[in-house]
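Worksheet: the structure to be examined is printed underneath.
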Amino acid sequence: MAHHDKLAQQMEFPPQIQQPNVFPLSWHAKTQKMEEIWDAAQREVWDPKKLPWDTLDVESYSWEEREAIAYWWTLLSVFDASAPPVFAAALIKTYEEHEEDPVRRCFFSVTRDEQNHEQMCGLAITKLLEHDDPLTYQPKTDLGKRLQKNAKWLYYNGGRYWNGYKNAVPKYSLAVLFSSFLMGEIAAATIFKQMHDNSRELVFKEAFRHIGRDEGRHMAICLALMERDYPRLAAEDKALVTKQIRAGYLFLSAVLFEPPEEFWDLPADFIKNQREGEEVARGAGFGIPTYEAKKENWRNAMLNLEGVLARYGIPFPAIPEVGIDGQEVTEVDMDSIIPVF
1 MAHHDKLAQQ MEFPPQIQQP NVFPLSWHAK TQKMEEIWDA AQREVWDPKK
51 LPWDTLDVES YSWEEREAIA YWWTLLSVFD ASAPPVFAAA LIKTYEEHEE
101 DPVRRCFFSV TRDEQNHEQM CGLAITKLLE HDDPLTYQPK TDLGKRLQKN
151 AKWLYYNGGR YWNGYKNAVP KYSLAVLFSS FLMGEIAAAT IFKQMHDNSR
201 ELVFKEAFRH IGRDEGRHMA ICLALMERDY PRLAAEDKAL VTKQIRAGYL
251 FLSAVLFEPP EEFWDLPADF IKNQREGEEV ARGAGFGIPT YEAKKENWRN
301 AMLNLEGVLA RYGIPFPAIP EVGIDGQEVT EVDMDSIIPV F
């Protein structure tokens, strides 16, 4: 059709809109649980700027402590800074696939929540370092210099993930996406509770309380959609879910455990520097779980997820790093993974 052709002059009704497309809209709603989750999201909205920042006295910490705590927030930002665009892309997909109205709204709420989490990372880093960018900040200590090198490599790997995610989302159904999102939410809910319980600073405790509540709500979204869709999941999608769970473990271990060397492109001293930074942060009253606690968290999260997937006959991948047997997944490519934190 030429640009100047006017179909309205040639036919009574317009032709069907080519799909996928966000139009035409409808507001059908069948899954009541999604409406309840949306209502909870509306009640629980919070603003990182309104946390009790006046109680944080950064001068009471040494520069080494400040740089160590800021490094953890920087590590978290690698995942939480990608989360708003990741869920925004998923939100667009819910419109293009004409999902239920409350499902679309729930994905909007997740995008909004993750924007808060990103802002929290930025506020914490800026106040601790008195600089708004951890990569151009001039470290004051030797540990700070080494942790900044770690941060630069983390952001490099994050960039690889984002490019892969953009390529992967159009290939996968929403049902596969839900399982990958659930991967991060189950583990996140646990770590933020521990961070809340073990951190000394009121402003950080409050932030972790809000973030942990958000992650629990995100987990409920994924579980509700799985309950709706997974009884009819195709065999090929079940195989994809198994692969994505293994990919999720490898990707999210960087923040929830330690990054596996065979998957992450990192220098040889990365783990040593990170462990040293975590020890300094813990000594300053910042509640990072110990190595053994993180390992146990991951194991419990994986066992919980295994129980969820078993209801739908989906094979669980082997996670030997935390002692879980299952189906071997030998090839995981950063260019095709879709988990998010």
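Residue numbers (the working numbering): 1 to 341. Think of the CB as a built atom: it goes at the ideal place given N, C-alpha and C, for glycine as much as any other residue.
Relative to the Cα of N116, the nearest Cα in the group A175, I191 and D214 belongs to D214.
Between G144 and E64, the CB-CB gap stays under 8 Å. Residue environment for H196: buried (at least 16 other C-beta atoms within 10 angstroms of its C-beta).
Taking the Cα of S26 as reference, the smallest distance to any Cα among R105, S82, Y61 and I245 is reached at R105.
Of all alpha-carbon atoms in A234, W162 and G277, the one lying nearest the alpha-carbon of A151 is that of G277. Between I69 and F286, the C-beta spacing is below 8 Å.
P317 carries a strand assignment under DSSP once its states are collapsed to helix, strand and coil. Cβ neighbours of A40 within its own chain (closer than 8 Å, five residues either side excluded): R217. Following the DSSP letters along the chain, one finds K205 inside the alpha helix (DSSP H) bounded by residues L202 to D229. Beyond the five residues adjoining it in sequence on each side, P48 comes within less than 6 Å, by CB distance, of N116, Q119, M120 and L123 in the same chain, given in chain order. Pairing G326 with R311, the inter-Cα distance amounts to about 15 Å.
Three or more Cβ pairs drawn from the stretch 314 to 328 and the stretch 293 to 301 lie within less than 8 Å of each other, which places the two stretches in contact. The C-beta distance from F316 to T242 rounds to 7 Å, short enough to fall under 8 Å. According to DSSP, residue pairing for I324 in a beta bridge involves I319. Taken through DSSP and simplified to helix, strand or coil, V329 comes out as coil. If you check the CB distance, A284 and Y61 come in under 8 Å. Around the beta-carbon of A301, 16 or more other beta-carbon atoms lie within 10 Å, marking it buried. Separation of A187 and Y137 (C-alpha to C-alpha, rounded to the nearest whole angstrom) is 31 Å. A buried status is given to A254, since no fewer than 16 other beta-carbon atoms sit within 10 Å of its beta-carbon.
In this structure, DSSP gives F79 a helical state, which the three-state scheme calls helix. If you look at F257, you'll find it isn't in any alpha helix (DSSP H); DSSP assigns it neither H nor E.
DSSP places G184 inside the alpha helix (DSSP H), whose first and last residues are L174 to N198. Scanning E185, E36 and P139 for the CA closest to the CA of D101 turns up E36.
Scanning E236, F181, I314 and K272 for the CA closest to the CA of E114 turns up F181.
For G285, there is no enclosing alpha helix (DSSP H), since its DSSP letter is neither H nor E.
Three or more pairs of CB atoms, one per stretch, sit closer than 8 Å, so the stretch 151 to 163 contacts the stretch 71 to 86. In this structure, the alpha-carbon of D80 lies about 16 Å from that of R209.
Taking C-beta separations shorter than 7 Å and ignoring five residues to either side along the sequence, the partners of L128 in its chain run V58, R66, I69 and A70, following chain order. Apart from sequence neighbours up to five positions away, the residues of its chain that approach E328 with a beta-carbon distance below 7 Å are A318, ordered along the chain. Excluding five sequence positions before and after R282, the CB atoms of its chain that fall closer than 6 Å to its own CB belong to I288, given in chain order. A direct Cα-Cα distance of roughly 26 Å separates D265 from F192.
Collapsing the DSSP output to three states places M34 in a helix.
DSSP, reduced to helix, strand and coil, places F23 outside both helices and strands of the structure shown, so it counts as coil. Residue burial annotation: K93 is buried, with at least 16 other C-beta atoms found within 10 angstroms of its C-beta.
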